[in-house]
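Sequential numbering from 58 applies to the sequence shown in my numbering.
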Amino acid sequence: MVIYLLAAFFLLLFIILSIIDRRRISNGIVLTIALFFSLLSVVYVTFAKGNELLVSIMGTVLLLLIILIPFFVIGIATMLIVNGRLMLKREGRKLANMLPLFIGLGILVLIIMWFGSILKTGSPILGLAIVFVVALVGYFSFLFLSFLLSTFLYQFNFPRYNQDFLIVLGSGLIGGDRVPPLLASRLNRAIKFHEKQYLKKGKRATFIVSGGQGANETISEAEAMRAYLIEKGIDENFIIMEDKSVNTLQNMKFSKEKMDAIMPTYNSLFATNNFHLFRAGIYARKAGLKSQGIGAKTALYYMPNALIREFIAITVMYKKAHMILLGILVLFFVFLAIMGVTFS
Numbered sequence: 058m059v060i061y062l063l064a065a066f067f068l069l070l071f072i073i074l075s076i077i078d079r080r081r082i083s084n085g086i087v088l089t090i091a092l093f094f095s096l097l098s099v100v101y102v103t104f105a106k107g108n109e110l111l112v113s114i115m116g117t118v119l120l121l122l123i124i125l126i127p128f129f130v131i132g133i134a135t136m137l138i139v140n141g142r143l144m145l146k147r148e149g150r151k152l153a154n155m156l157p158l159f160i161g162l163g164i165l166v167l168i169i170m171w172f173g174s175i176l177k178t179g180s181p182i183l184g185l186a187i188v189f190v191v192a193l194v195g196y197f198s199f200l201f202l203s204f205l206l207s208t209f210l211y212q213f214n215f216p217r218y219n220q221d222f223l224i225v226l227g228s229g230l231i232g233g234d235r236v237p238p239l240l241a242s243r244l245n246r247a248i249k250f251h252e253k254q255y256l257k258k259g260k261r262a263t264f265i266v267s268g269g270q271g272a273n274e275t276i277s278e279a280e281a282m283r284a285y286l287i288e289k290g291i292d293e294n295f296i297i298m299e300d301k302s303v304n305t306l307q308n309m310k311f312s313k314e315k316m317d318a319i320m321p322t323y324n325s326l327f328a329t330n331n332f333h334l335f336r337a338g339i340y341a342r343k344a345g346l347k348s349q350g351i352g353a354k355t356a357l358y359y360m361p362n363a364l365i366r367e368f369i370a371i372t373v374m375y376k377k378a379h380m381i382l383l384g385i386l387v388l389f390f391v392f393l394a395i396m397g398v399t400f401s
């Protein structure tokens with residue numbers, strides 16, 4: 058009975074939080090907990106009813122899942138390593154492009170440590186250290202799942218066709234002055250919405266192209282985006298440049314200043330790539346914007362790396378809360394070590 062109540066409580070809490078504001082990582086955390094208790098409820102009901110066929114099916118499924126977990130983890134590690142090599146080949150030898158490769162290798166090392174002979178050495182410190190590492194991996198795995206759920210759900214935005222402004226978030230230029238495919242996809246997504254709104258409502262939205270000038274760029278991202286829009290047939294009178302921002306939070310803050318200076322109340326929307334959509338929404342909330350986002354598609358091979366980077370960025374965004382929780386975890390394991398608890 059308690060399991061049912063917990064599942065219902067967290068599902069209801071998720072719905073309420075989502076209605077209040079969809080741009081919070083806490084929504085994904087609550088949903089992950091709700092799904093966990095919902096799954097427990099299904100398992101409990103199946104075994105409680107005592108139907109031999111259902112119990113056999115559920116027992117077989119659970120057993121298979123347990124048996125397949127190591128193979129599933131190894132499969133994920135292998136896919137990350139392959140993706141990392143592909144990123145290096147297509148995107149260049151940059152540290153950021155090597156994230157999937159490093160994580161995949163890290164998972165394999167952890168598996169070797171877990172199934173190797175370390176726990177058989179009889180060393181209580183080593184045994185405790187392995188369990189601590191597994192707990193740490195479990196913590197970040199839970200957060201990553203919550204992040205994926207939040208990111209996935211935030212893709213389903215259905216903005217109204219009554220927007221006054223369309224903010225396009227910048228990214229790096231190529232050759233110092235040209236719009237790369239990634240940025241072009243954001244601009245094209247905004248153009249598509251702009252044209253559809255005009256056809257449906259007869260209302261033209263004003264583009265705000267947001268992005269400053271990088272160290273290796275000869276012009277600002279905003280200027281390059283403006284030129285791209287004009288080339289695509291957008292009237293330059295409906296384009297405003299915000300060319301001072303150097304990150305997503307500044308994109309939102311400085312774009313808000315531009316819009317506030319034009320009219321006191323307005324409807325606005327931001328366009329970025331789908332992997333960046335959720336984090337951009339968080340920054341929009343932090344900047345005081347009510348804007349929701351629309352996402353442009355991203356090449357499939359690029360997604361694992363992009364999602365890992367987004368997850369790291371959001372984790373760093375809430376680093377104080379994570380440091381407190383991890384500090385509690387460390388203290389707990391120090392207490393176990395002092396008390397002489399072993400896992401060998």
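Even for Gly, the Cβ is constructed at its ideal location relative to N, Cα and C.
In the same chain as N84, and ignoring 5 residues on each side of it, the C-beta atoms closer than 7 Å to its own belong to F71, L74, S75, S207, in chain order.
For V391, there is no enclosing beta strand (DSSP E); the enclosing alpha helix (DSSP H) has its first and last residue at 376-396. At the C-beta level, Q349 and P238 stay beyond 9 Å of one another. Here DSSP, grouped into helix, strand and coil, assigns N330 to strand. For I291, no alpha helix (DSSP H) segment is defined, and its DSSP state is neither H nor E. For the pair D221 and S325, the CB atoms are nearer than the 9 Å cut-off. The way I'd put it, the region 296-305 does touch the region 262-281; three or more beta-carbon pairs between them come closer than 8 Å. CA-to-CA, the gap between G271 and M320 works out to about 30 Å. Residue range 296-299 is occupied by the beta strand (DSSP E) that includes M298. Taking a 10 Å sphere around the C-beta of S302, we find 16 or more other C-beta atoms and assign the residue as buried.
A check of alpha carbon separations from L62 across S203, I77, F94, L383 identifies F94 as the nearest.
For A262 against K310, the beta-carbon gap comes to about 20 Å, at or over 8 Å, which does not count as contact. Annotation: I82 to V373 spans about 13 Å, alpha carbon to alpha carbon.
G352 carries a strand assignment under DSSP once its states are collapsed to helix, strand and coil. Across the structure, F327 and K249 are spaced so that their CA atoms are roughly 13 Å apart. Counting the other Cβ atoms within 10 Å of the Cβ of M136 gives fewer than 16, which makes it exposed. Looking from the CA of M155, the closest CA among I164, L143, Y196, L165 belongs to L143. Here S325 is bridged, per DSSP, to F222. Per DSSP, reduced to three states, the secondary structure at R81 is coil, with no helix or strand assignment. A direct Cα-to-Cα measurement between A394 and L185 gives close to 7 Å. Cβ-Cβ distances below 7 Å link Q254 to Y218, Q220, K260, A262 in the same chain, with the five nearest sequence neighbours on each side left out; the list follows chain order. Counting only the Cα atoms, E252 lies some 37 Å from K151.
The alpha-carbon separation between A247 and V99 amounts to approximately 43 Å. Residue range 263-267 is occupied by the beta strand (DSSP E) that includes T263, with no alpha helix (DSSP H) assigned at that position.
Out of G229, V191, L205, the CA that lies nearest to the CA of L167 is found in V191. When C-alpha distances from R79 are compared across Q212, E367, A363, T329, the shortest belongs to Q212.
For L165 and V225, the gap between their C-alpha atoms comes out near 40 Å.
The criterion of a C-beta distance shorter than 9 Å is not satisfied by A279 and D234. No Cβ-Cβ contact shorter than 9 Å links N140 with N331. The straight-line gap separating the alpha-carbon atoms of I371 and F392 is approximately 30 Å.
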